[in-house]
Every structure is written in C-alpha cells, then in structure tokens.
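J.: Just passing along the structure, written as structure tokens.
Numbering (this note's numbering), first residue to last: 53 to 287.
This is the structure in structure tokens:
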C-alpha cells in the first residue's frame, strides 16, 4: 500500500464540496435567451444578501481542510506517493468546482462561485498568501463595483505573492487554475457567468427576432364602383 487514505475525512469532504445548493430568490434566466452584459454584473451587496454564498464559503473551507488532511504523507515519502496523493486531492477539488460552475435547471447555466472559491484559497495557497489575495480582490470589488474580475484578481495576486515570497508550488498553481476555471468555461461557452445574489432586477432578454425587418404586403388599389368617375385631366 503506497499511502493511507482516511475515508472518514475524505468522504465528508466530498459531500461538502460536491453538493450543489438550490438557487432560490436569485437570478435565473433561460439559457437560450442572450442577456445584456450589464445584467451579468451584480453588486457585492446583492451577492452578500444570498445565504447560499455564505454556506458555500463555510463548506468550502471545511471541505478543503478535510481534503488536505485526508491523505497524510510521512517526511521523506517517495515522490510517487506525493504525486498520487496530489492528483487525488486535485480531482476531488476540481470536480467540486465544476459542479458549482455548470448547473442544470432551465437548460445549462454557468455560474461564478465567488464565495466558494474564496473559501478554498486560504487553505490551498496558505493563510498568508491566500488570505492576502482574497482580501485584495474583495476590497477592489467593493471599491470599484466590478465583480466580473474578482476571481481573476484573486488568482493573479495569489500567484504574484507566492512568487515574490518564494512559495510558488503546485498548490498555488492548482488554486489559480480553480479560480480561473469559471472564466475559462464561460469563455468556451461564449457567455458571461451568472452570480448567485438577491435583490437584483431580472435581466432584459435581447430577443433574436426583435431585429428583423418588418414585412410589407403589396396592396392593389381598385376603383370603388359607387364613387363618381373622375374626368380625365385636360378634358
């Protein structure tokens, strides 16, 4: 046996990370109707009012903590053991993030689980680097109101901070990849990801047939038999 898997830790971690909370009271639009870009940018206040986001933050922290400690390695363990343990942990975390991003309801919907990924970051990148990256990203969003670049800011700051402190390792790279995965999936789908929030007005769909030219019918004019005949001009 190469290493020990503590299933009493890994099983609850998978349950916490893989469950998908129902979205009620937030924004839900049909996936087959294109949305205006300004409807994809909710305010941080609207996001903070959704209880699902705070549950995501707590369960992501707890689940990641269990995953990290589910496969312990003794000092001096072979490199293959460490590599296999890292792959297992990365798969558990990656599946969890993918389940939060791609959701099935009225068609396929893409979401940016900002609170969920915020909970992962301090445990994967470390409390100093990950905590500073999350603090920087959220303060910028609160000041500028631009929520669409939150995950990009956290990933970039985590990478820059880890490189500057000489702590750039596989966990920071994995953390950055998980943070950028919603943006990458949305880019492949050609649409902006949605956010779980409350108090946001529904988006105004831009219907495809609203730009069609009006139809014109040809109408033939016929003389009215009851109207008096009009004499020809010059008569």
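In this text, a Cβ means the ideal position worked out from N, Cα and C, and glycines have one as well.
Do you know how far the Cα of residue 62 is from the Cα of residue 111?
T.: 14 Å
J.: Can you find the residues in the same chain that come closer than 8 Å, C-beta to C-beta, to residue 123, ignoring five residues on each side of it along the sequence?
T.: 55, 56, 57, 58, 62, 137, 140 and 141
J.: Quick one: Cα of residue 160 to Cα of residue 238, how far?
T.: Rounded to the nearest angstrom, the two C-alpha atoms are 12 Å apart.
J.: Would residue 104 and residue 248 qualify as a contact pair, given that the criterion is a beta-carbon distance under 8 Å?
T.: Contact flag set, yes.
J.: Can you grab the Cα-Cα spacing for the pair residue 196 / residue 130, in whole Å?
T.: Counting only the Cα atoms, residue 130 lies some 48 Å from residue 196.
J.: Please go through the region 99-180 and give each complete beta strand (DSSP E) segment of 3 or more residues, from N-terminal end onward.
T.: 154-157 and 159-162
J.: Tell me whether residue 236 is buried or exposed, calling it buried when 16 or more other Cβ atoms sit within 10 Å of its Cβ.
T.: Exposed, because fewer than 16 other Cβ atoms sit within 10 Å of the Cβ of residue 236.
J.: May I ask you to report which of helix, strand or coil DSSP gives residue 84?
T.: Residue placement at residue 84 is flagged as unreliable, the pLDDT there being 38, under the threshold of 50; the coordinate-derived value follows with that caveat. If DSSP states are grouped into helix, strand and coil, residue 84 belongs with coil.
J.: Keeping to the same chain, check which residues put their C-beta closer than 7 Å to that of residue 241; ignore five residues upstream and five downstream.
T.: Excluding residues within five positions, the ones whose Cβ falls inside 7 Å are 162.
J.: Run through DSSP, which three-state label would residue 62 get?
T.: helix
J.: Name, in chain order, the residues that DSSP records as bridge partners for residue 246.
T.: Paired residues: 163.
J.: Please return the same chain residues whose Cβ sits closer than 7 Å to the Cβ of residue 188, not counting the five positions on each side in sequence.
T.: Short of 7 Å from the beta carbon of residue 188, and not among the five residues preceding or following it, lie these beta carbons of its own chain, in chain order: 205 and 209.
J.: Which of the three DSSP states, helix, strand or coil, is assigned to residue 56?
T.: In this structure, residue 56 counts as coil in the three-state DSSP scheme.
J.: According to DSSP, is residue 183 helix, strand or coil?
T.: helix
J.: Rounding to the nearest angstrom, what Cα-Cα distance links residue 95 and residue 215 in this structure?
T.: 31 Å
J.: Got a sec, what are the start and stop residues for the alpha helix (DSSP H) residue 206 sits in?
T.: 202-216
J.: Leaving out the 5 sequence neighbours to the left and right, which residues in its chain are closer than 6 Å to residue 114 when beta-carbon positions are compared?
T.: If we look at residue 114 and ignore the five residues flanking it on each side, its Cβ neighbours are 68.
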